[in-house]
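One structure is given below, encoded as structure tokens.
Number of protein chains: 2
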Amino acid sequence: MPMTILPDELIQRFVSIVGDKNAVRDQADLAPHLVENRGLYKGASPLLLKPASTEEVAAIMKIASETGTAIVPQTGNTGLVGGQTPRSDASDVILSLERMSRVRDIDPVANVIVVDGGCILDTVHQAAEKVERMFPLSLGSQGSCRIGGNLATNAGGTAVLAYGNMRQLCLGLEVVLPTGEIWNGLRRLKKDNTGYDLRDLFIGSEGTLGIITGAVLKLFPKPKGHQVAFAGLNSPADALTLFDRASTLCGAALTGFELMPRIGIEFTAKHIPGVRDPLETPHPWYALIDISTSDKAETAQTMIETLLEQGFEAGIVQDAVIASSEAQRQALWHMRESMSDAQKPEGGSIKHDVSVPVSKIPDFMAEAEAGVLQAIPGARICAFGHLGDGNIHYNISQPVGADKAEFIARWREINHIVHGIVLSHGGSISAEHGIGQLKRDELADIRPGIEMELMRRIKTAFDPAGVMNPGKVVKI
Amino acid sequence: MPMTILPDELIQRFVSIVGDKNAVRDQADLAPHLVENRGLYKGASPLLLKPASTEEVAAIMKIASETGTAIVPQTGNTGLVGGQTPRSDASDVILSLERMSRVRDIDPVANVIVVDGGCILDTVHQAAEKVERMFPLSLGSQGSCRIGGNLATNAGGTAVLAYGNMRQLCLGLEVVLPTGEIWNGLRRLKKDNTGYDLRDLFIGSEGTLGIITGAVLKLFPKPKGHQVAFAGLNSPADALTLFDRASTLCGAALTGFELMPRIGIEFTAKHIPGVRDPLETPHPWYALIDISTSDKAETAQTMIETLLEQGFEAGIVQDAVIASSEAQRQALWHMRESMSDAQKPEGGSIKHDVSVPVSKIPDFMAEAEAGVLQAIPGARICAFGHLGDGNIHYNISQPVGADKAEFIARWREINHIVHGIVLSHGGSISAEHGIGQLKRDELADIRPGIEMELMRRIKTAFDPAGVMNPGKVVKI
Numbered sequence: 017m018p019m020t021i022l023p024d025e026l027i028q029r030f031v032s033i034v035g036d037k038n039a040v041r042d043q044a045d046l047a048p049h050l051v052e053n054r055g056l057y058k059g060a061s062p063l064l065l066k067p068a069s070t071e072e073v074a075a076i077m078k079i080a081s082e083t084g085t086a087i088v089p090q091t092g093n094t095g096l097v098g099g100q101t102p103r104s105d106a107s108d109v110i111l112s113l114e115r116m117s118r119v120r121d122i123d124p125v126a127n128v129i130v131v132d133g134g135c136i137l138d139t140v141h142q143a144a145e146k147v148e149r150m151f152p153l154s155l156g157s158q159g160s161c162r163i164g165g166n167l168a169t170n171a172g173g174t175a176v177l178a179y180g181n182m183r184q185l186c187l188g189l190e191v192v193l194p195t196g197e198i199w200n201g202l203r204r205l206k207k208d209n210t211g212y213d214l215r216d217l218f219i220g221s222e223g224t225l226g227i228i229t230g231a232v233l234k235l236f237p238k239p240k241g242h243q244v245a246f247a248g249l250n251s252p253a254d255a256l257t258l259f260d261r262a263s264t265l266c267g268a269a270l271t272g273f274e275l276m277p278r279i280g281i282e283f284t285a286k287h288i289p290g291v292r293d294p295l296e297t298p299h300p301w302y303a304l305i306d307i308s309t310s311d312k313a314e315t316a317q318t319m320i321e322t323l324l325e326q327g328f329e330a331g332i333v334q335d336a337v338i339a340s341s342e343a344q345r346q347a348l349w350h351m352r353e354s355m356s357d358a359q360k361p362e363g364g365s366i367k368h369d370v371s372v373p374v375s376k377i378p379d380f381m382a383e384a385e386a387g388v389l390q391a392i393p394g395a396r397i398c399a400f401g402h403l404g405d406g407n408i409h410y411n412i413s414q415p416v417g418a419d420k421a422e423f424i425a426r427w428r429e430i431n432h433i434v435h436g437i438v439l440s441h442g443g444s445i446s447a448e449h450g451i452g453q454l455k456r457d458e459l460a461d462i463r464p465g466i467e468m469e470l471m472r473r474i475k476t477a478f479d480p481a482g483v484m485n486p487g488k489v490v491k492i
Numbered sequence: 017m018p019m020t021i022l023p024d025e026l027i028q029r030f031v032s033i034v035g036d037k038n039a040v041r042d043q044a045d046l047a048p049h050l051v052e053n054r055g056l057y058k059g060a061s062p063l064l065l066k067p068a069s070t071e072e073v074a075a076i077m078k079i080a081s082e083t084g085t086a087i088v089p090q091t092g093n094t095g096l097v098g099g100q101t102p103r104s105d106a107s108d109v110i111l112s113l114e115r116m117s118r119v120r121d122i123d124p125v126a127n128v129i130v131v132d133g134g135c136i137l138d139t140v141h142q143a144a145e146k147v148e149r150m151f152p153l154s155l156g157s158q159g160s161c162r163i164g165g166n167l168a169t170n171a172g173g174t175a176v177l178a179y180g181n182m183r184q185l186c187l188g189l190e191v192v193l194p195t196g197e198i199w200n201g202l203r204r205l206k207k208d209n210t211g212y213d214l215r216d217l218f219i220g221s222e223g224t225l226g227i228i229t230g231a232v233l234k235l236f237p238k239p240k241g242h243q244v245a246f247a248g249l250n251s252p253a254d255a256l257t258l259f260d261r262a263s264t265l266c267g268a269a270l271t272g273f274e275l276m277p278r279i280g281i282e283f284t285a286k287h288i289p290g291v292r293d294p295l296e297t298p299h300p301w302y303a304l305i306d307i308s309t310s311d312k313a314e315t316a317q318t319m320i321e322t323l324l325e326q327g328f329e330a331g332i333v334q335d336a337v338i339a340s341s342e343a344q345r346q347a348l349w350h351m352r353e354s355m356s357d358a359q360k361p362e363g364g365s366i367k368h369d370v371s372v373p374v375s376k377i378p379d380f381m382a383e384a385e386a387g388v389l390q391a392i393p394g395a396r397i398c399a400f401g402h403l404g405d406g407n408i409h410y411n412i413s414q415p416v417g418a419d420k421a422e423f424i425a426r427w428r429e430i431n432h433i434v435h436g437i438v439l440s441h442g443g444s445i446s447a448e449h450g451i452g453q454l455k456r457d458e459l460a461d462i463r464p465g466i467e468m469e470l471m472r473r474i475k476t477a478f479d480p481a482g483v484m485n486p487g488k489v490v491k492i
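As given, the protein sequences belong to chains A and B, one line each in that order.
Counting in my numbering, the first sequence runs without a single skipped number right up to 492 at its last residue.
Counting in my numbering, the second sequence runs without a single skipped number right up to 492 at its last residue.
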């Protein structure tokens, strides 16, 4: 057992709410909940609680608030900024929503689904599929991430271009407040202008303002046509031109436009089973273009052919393939989605999740490459991502043969270089992963004082006792 | 001059910021700023200020905050809930953004436009048009309403179905806080997960948390195909079925689906010059269907023909016309947009701006009609609106020959009946117009105590001196 400042009598009060078998105190069982995926953060905790209902969550928060006990909400534990990891002094109790994983209701005519905060993203996909609808949020971790966490981090993923991020996909919330009160904001309305936008304040607040225990999400008609192309390009500038043409040609039918570098294709072909370079000769850059059409299947095919023809004629597409089956479409997306995993066998990777206005992508890429290579000659830049959203995962693999620990030790230094260039283009240091612990202090450094002050005022107004995921996002 | 509690020395301090010729004190000149469009509210004020810059707005708010002087921001004065009208004790200073009406920047590649808070909506439309782009917000008042007010009220309009309301159309804001500090949140990013969502908190706060002096708005590619149909239907239930088919068939290409009753067509044909019933025989209900396609013009035509064919075959469309020219498309929309004005010659009208989940529209319409006719036999219900968003303008014209004043005196009573039915279906008492003065107390009655408490905490955290449009939205 770790040393904890929490008295046993207090722990017993918490345990009695959920029952012994839903309270984890054994450190071996707790262990997977104390670290995040990349191993950047490791915390400690004497207790994990698994409430079965909103009322149990509320009862936990009431005691927490009365006794000043910090609560860390956790859903799929797939976050990438340490927002779900307890602090290291074993003073935080973890609250897991894994037992609250139901689909509460689904209405295909109104195009809504109502789910528990602990509902797994894939469960939502399957429930929508059963009624001939579609829920567009698509993430690598969709088999384990849960809706409460997706909302708490305003998750993005690969379908943001056409459908938006979680904030755009959510109509209503049920939230347990730090004080243990329950806010029932489970509205199913597309339009509702009745006072301050509490919903969007909770979305993206990373569990620091309350615990999202339920949500109303939007569903969409399933597209009838779907087509994917993979194109070899000479530069990010050509990719931007192609994106601009694709937007104009396809409008809302353009559901994905991803940029990848040559080295990313090499890494995936080398390390990910079944992946091979789809084109005959190498190209410096690649675009993955995804088109979904609602009227009929052929429109997607016509659109993608027209786009590639225009691209060839303009000299911006060097070579391309169009997927000829659903299996090929999935294979092309699999390559893109494996790009981060494919870096792992290549040693240490310093990561960034940044965005700039889409028109600034080429300048950003050139300046960041120059800055990084000046600092670490031989660094292998594997910058890929959602070009259509201006969101690049600017990942940097260590030079061949370099010492991994020494390379990773330069994380902050390299962040500083890349983020400086991002900010010079009016960009964001966290496009979709959030702030958590990882970027909390950096955010305070780069944002105007008044902005941080407003965030602190909100935090204090919602969580006067300071018990709701303290130490994340904003320092009080 | 009205009696005012503001000392002349204080008024002089305000005047000195903007200069004499930009400070209105003459009551004849002030008069149009003291009433709102429907004449429901009439306020009093000794002073209207027209700052020319964000810095001047900030200087005004600094003095206001120091001296506890209430400021009412006003843009196009087209709001419908009294949010822009000063209170009646002549203690509020009006701050007009009409001199801050510039387009600051436009970037067609990034699809963004940056404008002053006082920029007229039509100016944004024209600027977008010049660079082959489109800004989708479309309102009857677009020639006079201004972006700051559109944002402050989270304006909706006729294109919400495909493009969302102002919250979805805005990327960044510049806001002068009640304390006179300036928050520069003029980001141009589609993805930015860096802390609490201040932007969406200011949007829809109706000038009670700060003054929106600048905004970054999204632009879209201009659709290539555009087609409008007008269909005669038997019931709201058939309209809902048709809408469901249209959504499935057209997906994001379905840009408008408006419901209108027979009496609305009669009123417009009678009172609006140039409007005539487009169909040969009368039908109880009508749908206006608007389709915009990005790939080519013909797709819109094919889609609308297919939809109407399906509707005829299923027996849900009784008769229909497809516009054969841009002039006809505009004429059909003009009929829809004149529906509120066409009620005026028919005497008093009690209005509601409500929303319910779209699947509940038929039940809501039936129950509301029964409730209203029981209270006022002979009342003429002219309920029309954005069926696709679940948003109905449930307007009720007085019975023929009734006394207008007596009818209007029953506004609250009828609101109570209609809103009760709305709430029983999980709906909203203000879908797009906001709360202002008109619905402030009713909101507090119907919403859970904790929700109003959170709003009050936010208001107090942002505006500790209580000087920012006091008395609107939430009572402190």
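By construction, the Cβ of each residue, glycine as well, lies at the ideal position given by its N, Cα and C atoms.
Just so you know, these numbers come straight off a predicted model, no measurement behind them.
Note to self: Here's the rule: buried if 16 or more other CB atoms are within 10 angstroms of the residue's CB, otherwise exposed. What is Thr297 (chain A)?
What the structure shows: As a first step, residue 297 (chain A) must be located in the first sequence, where it is residue number 281. Thr297 (chain A) comes out exposed.
Margin query: Would Pro415 (chain B) and Ile392 (chain B) be called neighbours here (beta carbons separated by less than 8 Å)?
Written below: Taking the second sequence and counting its residues from 1, the one referred to as residue 415 (chain B) is at position 399. Taking the second sequence and counting its residues from 1, the one referred to as residue 392 (chain B) is at position 376. A contact, by the Cβ cut-off of 8 Å.
Check: Taking the alpha carbon of Arg54 (chain A) as the point to measure from, which residue in A:Asp293, A:Ala386, A:Gly487, A:Lys367 has its own alpha carbon closest?
Finding: As a first step, residue 54 (chain A) must be located in the first sequence, where it is residue number 38. The option with the nearest alpha carbon to Arg54 (chain A) is A:Lys367.
Check: For the putative contact between Arg120 (chain B) and Pro237 (chain B), defined by C-beta atoms under 8 Å, what is the C-beta separation to the nearest angstrom?
Finding: Translated into the one-based positions of the second sequence, residue 120 (chain B) becomes position 104. Translated into the one-based positions of the second sequence, residue 237 (chain B) becomes position 221. Wrong, their Cβ atoms sit about 22 Å apart, outside the cutoff.
Next item on the list: Report all residues from its chain with a CB closer than 6 Å to the CB of Pro486 (chain B); omit the five preceding and five following residues, and keep chain order.
Entry: As a working note, residue 486 (chain B) is residue 470 in the second sequence. Around Pro486 (chain B): Ala86.
Checklist line | Expected contact under 8 Å - CB spacing of Ser81 (chain A) and Thr195 (chain A) to nearest Å | finding: By 1-based counting over the first sequence, the position of residue 81 (chain A) is 65. By 1-based counting over the first sequence, the position of residue 195 (chain A) is 179. Sure, about 5 Å apart at Cβ, within 8 Å.
Check: Tell me which same chain residues have a C-beta within less than 8 Å of the C-beta of Lys16 (chain A), skipping the five on either side of it?
Finding: This structure gives no information on residue 16 (chain A), because the portion of chain A shown stretches from 17 to 492.
Margin query: Among A:Phe400, A:Asp208, A:Leu459, whose alpha-carbon lies nearest the alpha-carbon of Leu439 (chain B)?
Written below: The residue labelled residue 439 (chain B) in the question sits at position 423 within the second sequence. For Leu439 (chain B), the nearest C-alpha among the options comes from A:Asp208.
Notebook entry, point to check: Just the Cα atoms here: how many angstroms apart are Tyr410 (chain A) and His449 (chain A)?
Noted result: By one-based count along the first sequence, residue 410 (chain A) stands at place 394. By one-based count along the first sequence, residue 449 (chain A) stands at place 433. Straight-line Cα distance between these residues: approximately 13 Å.
Check: Using 8 Å as the threshold, is the stretch 197-205 of chain B in touch with the stretch 159-173 of chain B, meaning 3 or more CB pairs across them?
Finding: no
Check: In three-state DSSP terms, what is Arg41 (chain B)?
Finding: Residue mapping note: residue 41 (chain B) aligns to position 25 of the second sequence, counting from 1. Coil.
Checklist line | Ser446 (chain A) classed as buried or exposed, judged by whether at least 16 other C-beta atoms fall within 10 angstroms | finding: For the purposes of this step, residue 446 (chain A) is taken as the residue at position 430 of the first sequence. Buried, since its Cβ has 16 or more Cβ neighbours within 10 Å.
Check: Is Ala106 (chain B) helix, strand or coil when you go by DSSP?
Finding: Here residue 106 (chain B) is taken as the residue at index 90 of the second sequence, counted from 1. If DSSP states are grouped into helix, strand and coil, Ala106 (chain B) belongs with coil.
Check: How big is the Cα-Cα spacing for Ser371 (chain B) and Ala336 (chain A)?
Finding: Taking the second sequence and counting its residues from 1, the one referred to as residue 371 (chain B) is at position 355. Taking the first sequence and counting its residues from 1, the one referred to as residue 336 (chain A) is at position 320. Approximately 47 Å between the Cα atoms of the pair.
Note to self: At the level of alpha carbons, what is the spacing between Arg278 (chain A) and Asp379 (chain A)?
What the structure shows: The sequence position of residue 278 (chain A) within the first sequence is 262, counting from 1. The sequence position of residue 379 (chain A) within the first sequence is 363, counting from 1. The alpha-carbon atoms of Arg278 (chain A) and Asp379 (chain A) are separated by roughly 18 Å.
Check: When burial is assigned at 16 or more other CB atoms within 10 Å of the CB, is Glu314 (chain A) buried or exposed?
Finding: Taking the first residue of the first sequence as position 1, residue 314 (chain A) is located at position 298. Label assigned to Glu314 (chain A): exposed.
Check: Counting contacts by CB-CB distance shorter than 8 Å, is Gln326 (chain B) in contact with chain A?
Finding: Position 310 of the second sequence holds residue 326 (chain B). Gln326 (chain B) does not count as touching chain A.
Next item on the list: Could you tell me the boundaries of the alpha helix (DSSP H) in which Arg29 (chain B) lies?
Entry: Taking the first residue of the second sequence as 1, we reach residue 29 (chain B) at position 13. Residues 24-34.
Check: Are there three or more Cβ pairs, one per stretch, closer than 8 Å when the stretch 318-331 of chain B is compared with the stretch 221-239 of chain B?
Finding: no
Notebook entry, point to check: So, Leu270 (chain B) versus Leu258 (chain B), is the Cβ gap smaller than 8 Å?
Noted result: To locate residue 270 (chain B), count along the second sequence from 1; it is residue 254. To locate residue 258 (chain B), count along the second sequence from 1; it is residue 242. The answer is no: Cβ separation not under 8 Å.
Note to self: List, in chain order, every chain B residue whose beta-carbon is nearer than 8 Å to that of Gln508 (chain A).
What the structure shows: With chain A covering 17 to 492 only, the question about residue 508 (chain A) has no answer from this structure.
Notebook entry, point to check: Given Val40 (chain A), which residues of its chain have a CB within under 6 Å of its CB, disregarding the five upstream and five downstream residues?
Noted result: One-based indexing of the first sequence puts residue 40 (chain A) at position 24. Answer for Val40 (chain A): Leu46, Leu64, listed in chain order.
Checklist line | Between the CA atoms of Phe151 (chain B) and Arg428 (chain B) - distance to the nearest angstrom | finding: Working through the second sequence from its first residue, we reach residue 428 (chain B) at position 412. Working through the second sequence from its first residue, we reach residue 151 (chain B) at position 135. Cα to Cα, Arg428 (chain B) sits roughly 37 Å from Phe151 (chain B).
Notebook entry, point to check: Considering only C-alpha positions, which residue in the set A:Asp123, A:Gln334, A:Val333 is nearest to Glu145 (chain A)?
Noted result: Translated into positions along the first sequence, residue 145 (chain A) becomes position 129. Here the closest residue by C-alpha is A:Asp123.
Check: Hey, how far is the Cα of Asp405 (chain A) from the Cα of Gly180 (chain A)?
Finding: Within the first sequence, the letter at position 389 stands for residue 405 (chain A). Within the first sequence, the letter at position 164 stands for residue 180 (chain A). Straight-line Cα distance between these residues: approximately 10 Å.
Checklist line | Residues that His242 (chain A) contacts on chain B, provided the C-beta gap is smaller than 8 Å | finding: Walking along the first sequence from the start, residue 242 (chain A) turns up at place 226. What His242 (chain A) touches in chain B: nothing, since even the nearest Cβ is about 12 Å away.
Checklist line | Straight-line gap, Ala255 (chain B) to Glu342 (chain B) (C-alpha atoms, nearest Å) | finding: Here residue 255 (chain B) corresponds to residue number 239 of the second sequence, with the count starting at 1. Here residue 342 (chain B) corresponds to residue number 326 of the second sequence, with the count starting at 1. About 25 Å.
Item checked: Where Ser444 (chain B) sits in the DSSP three-state scheme -> The residue labelled residue 444 (chain B) in the question sits at position 428 within the second sequence. Here Ser444 (chain B) sits in strand by DSSP.
Check: Using a C-beta to C-beta distance shorter than 7 Å, which residues of chain A count as neighbours of Cys161 (chain B)?
Finding: Start at 1 with the first residue of the second sequence, and residue 161 (chain B) comes out as number 145. The contacting residues do not exist; Cys161 (chain B) stays about 15 Å from chain A at best.
Margin query: Let's test the definition: count the other Cβ atoms within 10 Å of the Cβ of Glu25 (chain B) and tell me whether it reaches 16, buried, or not, exposed.
Written below: Within the second sequence, numbered from 1, the residue matching residue 25 (chain B) stands at position 9. Under this definition Glu25 (chain B) is an exposed residue.
Check: So is Met17 (chain B) in contact with chain A if we call contact Cβ pairs under 8 Å?
Finding: Residue 17 (chain B) sits at position 1 when you count from the first residue of the second sequence. Confidence is the limiting factor: at Met17 (chain B) the pLDDT is only 47, short of 50, which leaves the residue's position unreliable, though a coordinate-based value still follows. Not one chain A Cβ lies under 8 Å of Met17 (chain B).
Margin query: I'd like to know if the stretch 136-145 of chain B and the stretch 155-162 of chain B are in contact, where contact means that at least 3 CB-CB pairs between them fall below 8 Å.
Written below: yes
Next item on the list: Return the chain-ordered list of same chain residues with a C-beta closer than 7 Å to the C-beta of Glu385 (chain B), the five sequence neighbours on each side being excluded.
Entry: Residue numbering aside, residue 385 (chain B) sits at position 369 when the second sequence is read from its first letter. So the qualifying residues of the chain are Ile397.
Checklist line | Three-state class that DSSP yields for Gly172 (chain A) in the structure shown | finding: On the first sequence, position 156 is the one that residue 172 (chain A) refers to. DSSP places Gly172 (chain A) in coil when its eight states are reduced to three.
Next item on the list: Tell me whether Gln359 (chain B) is buried or exposed, calling it buried when 16 or more other Cβ atoms sit within 10 Å of its Cβ.
Entry: Mapped onto the second sequence, residue 359 (chain B) falls at position 343. Answer is buried; the Cβ neighbour count reaches 16.
Check: Residue ranges of each beta strand (DSSP E) run of no fewer than 3 residues wholly in the stretch 122-157 of chain B, ordered along the chain?
Finding: 128-132
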